[in-house]
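Take a look at the structure below.
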Amino acid sequence: MNLVAIAWKSICQRGLASCLTGVSVALGVMLMVVVLVISGAVRSAFNQNTIAYDLVVGHQRGGELALVLSAVYRVQPASENLPYLYYKQLQEDRRVVSAVPMAFGDVTQEGHFPLVGTTAEYFENDYTPGKKFLVRGNQITGHFDAIIGSEVARKNNWDIGSQFQIIHGGADGTHVHHEMFTVVSVIKQTGTPNDRTVFVNIEGFYAIEGHETPLNEVEDRLKKFYASDPERLEFALKQIEEAKKHAADEGSHDDGHHHHHETPDAAKEVTAVLVRTRPDHHFDAINLSAELKEGYQAMAVNPMNSIRKLMTDVLGNIEMGLLILTAMIILVSGISIFVSIYNSMSDRKREIGIMRALGARRGSVFGIVLTESIVLCVGGGIVGWLVGHGLAIAAAPTVVERTGLLLDPWTLDPMELILFPVLLGLAAIVGFLPAMTAYRTDVADALAG
Amino acid sequence: MSLLLENVKKSYREPNGKPLPVLGIERYELTQGEQAALVGSSGGGKTTLLNVVAGILTPDSGKVTISGTEIAQLPEVVRDRFRAEKIGFVFQTFNLLPGFTALENVLLGMTFSRGKTDRGFAESLLDRVGLGGRRHHLPGRMSVGEQQRVSVARSLANRPALLLADEPTANVDPANQDLILNLIRDTCHENKVTLLMVTHDMDVAGKFDRVDRLQEFNRPDGVSQESVA
Chain P
25 MNLVAIAWKS ICQRGLASCL TGVSVALGVM LMVVVLVISG AVRSAFNQNT IAYDLVVGHQ
85 RGGELALVLS AVYRVQPASE NLPYLYYKQL QEDRRVVSAV PMAFGDVTQE GHFPLVGTTA
145 EYFENDYTPG KKFLVRGNQI TGHFDAIIGS EVARKNNWDI GSQFQIIHGG ADGTHVHHEM
205 FTVVSVIKQT GTPNDRTVFV NIEGFYAIEG HETPLNEVED RLKKFYASDP ERLEFALKQI
265 EEAKKHAADE GSHDDGHHHH HETPDAAKEV TAVLVRTRPD HHFDAINLSA ELKEGYQAMA
325 VNPMNSIRKL MTDVLGNIEM GLLILTAMII LVSGISIFVS IYNSMSDRKR EIGIMRALGA
385 RRGSVFGIVL TESIVLCVGG GIVGWLVGHG LAIAAAPTVV ERTGLLLDPW TLDPMELILF
445 PVLLGLAAIV GFLPAMTAYR TDVADALAG
Chain G
67 MSLLLENVKK SYREPNGKPL PVLGIERYEL TQGEQAALVG SSGGGKTTLL NVVAGILTPD
127 SGKVTISGTE IAQLPEVVRD RFRAEKIGFV FQTFNLLPGF TALENVLLGM TFSRGKTDRG
187 FAESLLDRVG LGGRRHHLPG RMSVGEQQRV SVARSLANRP ALLLADEPTA NVDPANQDLI
247 LNLIRDTCHE NKVTLLMVTH DMDVAGKFDR VDRLQEFNRP DGVSQESVA
């Protein structure tokens, strides 16, 4: 027999009280683990590593965070558009390795998943550093072919060959476009917003009836956008003039049918452009961002900075609030351990007296009581930790299904590493007073009592 | 192991703060292997005397010497260890720990002396007191006589040189009285353990070759005129 075995016997003797106090610690730790796993998943979902682009370029109207949330996370409506020519201009910039246009705003009729018009380059690039898209199916060839994310496929029960329609975005969110899209490929789960996105050929996006902006409106926007770049403005306006002429010719022999024709680049618009700058040229992104701010009505946002700000300002505070709450639960559990052990001390006075009479030193009885506190606190903590991770494992599939959040129940948060030293400290603090009571027990008095 | 008390005084403090003298022994001595019954009335200081001998209480003055070691002079930690290793204790109310089995109660005594336990010896002690088949039973599941036999086994767990027994048969039925008494005496005899048993029962004391009456040499209010050796 050793002191731990004696302490364990004592815990078992007060079975119900010990069990309840242990469970309360376990509950607190379990909640903390769950909060950490979930916040870890949220952090990971918004993590800088989930974006393999250096800049997100969008219109100046709307905030930086709004641009990132709409272009990368697709959880916010699109802001104002940029000229397509501007995307081409970025593509030609020597500092830009890859520029991927994105046009969005519409959602699927079924499931309301966001629709993104883009180019094949989006799928050729890494979706997150070092990770390529794994796509099952064929390449997009037709205008109305679509590649769907894994979650879209699962939730809508779609597969290659499925057909669907989309709802026009914006204020009028009820208009269903008549074009029928066909799924040609399904992306393997990435754990990113791509899982709940429907991608279509950007040319197809332009071909959707109603997506064409009236040429006069385009002309006004181009004039504003290229106000400080007359050369490009002139080039763009020339294309618009030609398009107007073409439209007028078409109107003069209107046969009542909608004629599909190629939209000139100057009349096209993109919602955002994802930009990857040259590797090892760390200032490219910064310089480009600064140039855009001064020259055009565009802005280039480092998605990492925006997300970091979001994490710190909003999610960080929520996480901190929840962690404080769980810490309070653990503290209350600690106090309940104190109450349980301290209340038992008067009943155990005689036992302590017997042990002392048998030769137990004051330090030994102090150690026994302190060990009880540690066993309850740390034991409860271990149980809570296991149950917390167990719950995360059990809930992970449901969480992915309902929220798209990929839980990684095996990832250890640094906070968990300090959890057990903290529990040990708590046990020492709450066990100290009862242990001192044991230490000070008068043997003769205890035996006589 | 010999025991010698010289000019030992011990008093308690009454609630009003006045001292209440309990012990005043000029000299009391036991030689190694000797067995003595110390008879005294209730409240006469018997238990206090045993606690002073065991080092649980320190005398206000005087010396308690066990085989040349003046126990009250030892630092508390050393005194605790000395008690664990050299002195066995049998209590009137057995004082078994209710959550521990018979065997664990015996092992408990070993835990505090050597730090490690000798399970084989503990089991042989339980066999010796006739409880080999009940070693895994909790005290609450045992009769009063059986509990006291476990207590006897526990007192011998550390192979003590001095056994102090405080009215060990007071709570036991007559049939078990002789059994327990013989058990204590025989085991002490076999192992040359010095035995000091306090009792208020003259019938029990009568079974000992040496019977001392506490009131004859204990003068709490002054030093006794009589010394016992």
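These protein sequences, in sequence, are chains P and G. Positions 25 to 473 (our numbering) are the ones given, in order, by the first sequence. Positions 67 to 295 (our numbering) are the ones given, in order, by the second sequence. The C-beta atom is built at its ideal place from N, Cα and C for all residues, glycine as well. If you're wondering where the values come from, they're calculated on a predicted model, not measured in any experiment.
Beyond the five residues adjoining it in sequence on each side, ARG145/G comes within less than 7 Å, by CB distance, of GLY121, ILE137 in the same chain, given in chain order. In this structure, LYS292/P keeps its C-beta atom at 8 Å or more from the C-beta atom of TYR250/P. Restricting attention to ALA296/P, LEU339/P, MET344/P, the CA atom closest to the CA of MET323/P is found in ALA296/P. At a cut-off of 8 Å between C-beta atoms, SER34/P counts as an interface residue with respect to chain G. DSSP places ALA322/P within a strand segment (E or B) once states are collapsed to three. Interface annotation, GLY403/P: not in contact with chain G, CB-CB separation never under 8 Å. Sequence-ordered contacts of the segment 387-412 of chain P with chain G read GLY387, SER388 [C-beta pairs closer than 9 Å]. Around THR165/P, the same chain offers VAL208 as residues with beta carbons nearer than 8 Å, after the five sequence neighbours per side are excluded. In this structure MET335/P is not in contact with ARG98/P, their Cβ atoms being roughly 18 Å apart against a cut-off of 8 Å. Here GLU274/P is exposed: its Cβ has fewer than 16 other Cβ atoms, across all protein chains shown, within 10 Å.
Its chain contains GLU203, PHE205, GLY228 as the residues whose beta carbon lies nearer than 6 Å to that of PHE168/P, once the 5 sequence neighbours on both sides are disregarded; these appear in chain order. Residue environment for TRP434/P: exposed (fewer than 16 other C-beta atoms within 10 angstroms of its C-beta). Going by DSSP, PHE168/P is part of no beta strand (DSSP E) at all; its letter is neither H nor E. Using a CB distance cut-off of 8 Å, PHE178/G counts as an interface residue toward chain P. Under a criterion of Cβ atoms nearer than 8 Å, the residues of chain G adjacent to GLN37/P are, in order, PRO164, GLY165. The Cβ neighbour count for LYS269/P, taken over all protein chains shown within 10 Å, is under 16; the residue is labelled exposed.
THR142/P and PRO153/P have their C-alpha atoms roughly 20 Å apart. Assignment of SER77/G by DSSP, reduced to helix, strand and coil, places it in the strand class. With contacts defined as CB atoms closer than 8 Å, VAL143/G and VAL130/G fail to qualify as a contacting pair. MET352/P is classed as exposed because its beta carbon has fewer than 16 other beta carbons within 10 Å across all chains shown. DSSP, reduced to helix, strand and coil, places GLN139/G within a helical segment of the structure shown. Secondary structure note for PHE205/P: its beta strand (DSSP E) is the uninterrupted segment 205-211. Residue pairing by DSSP places SER122/P opposite ARG300/P in a beta bridge.
MET67/G is not a Cβ neighbour of LEU191/G, given a cutoff of 8 Å.
Residue pairing by DSSP places ILE132/G opposite LEU69/G, THR135/G in a beta bridge. Beta bridge pairing from DSSP links THR260/G with LEU228/G.
In this structure, GLY111/G sits near VAL88/G, with a CB-CB distance shorter than 8 Å.
At a C-beta separation below 8 Å, GLY46/P has no neighbours in chain G, since its nearest C-beta there lies roughly 17 Å away.
For LEU382/P, the nearest beta carbon of chain G is closer than 8 Å to its own beta carbon. Interface annotation, VAL130/G: not in contact with chain P, CB-CB separation never under 8 Å.
Secondary structure note for PRO327/P: its alpha helix (DSSP H) is the uninterrupted segment 327-334. Contacts with chain P (Cβ-Cβ distance below 7 Å) from the segment 187-221 of chain G involve no residue at all. Contact annotation for ALA150/G against chain P: LEU382, GLY383, ALA384, ARG385 [CB-CB distance below 9 Å, chain order].
Pairing ILE211/P with PHE137/P gives a Cβ-Cβ distance that is not under 8 Å.
At a cut-off of 8 Å between beta-carbon atoms, ASN367/P makes no contact with chain G. At a cut-off of 8 Å between beta carbons, ARG225/G makes no contact with chain P.
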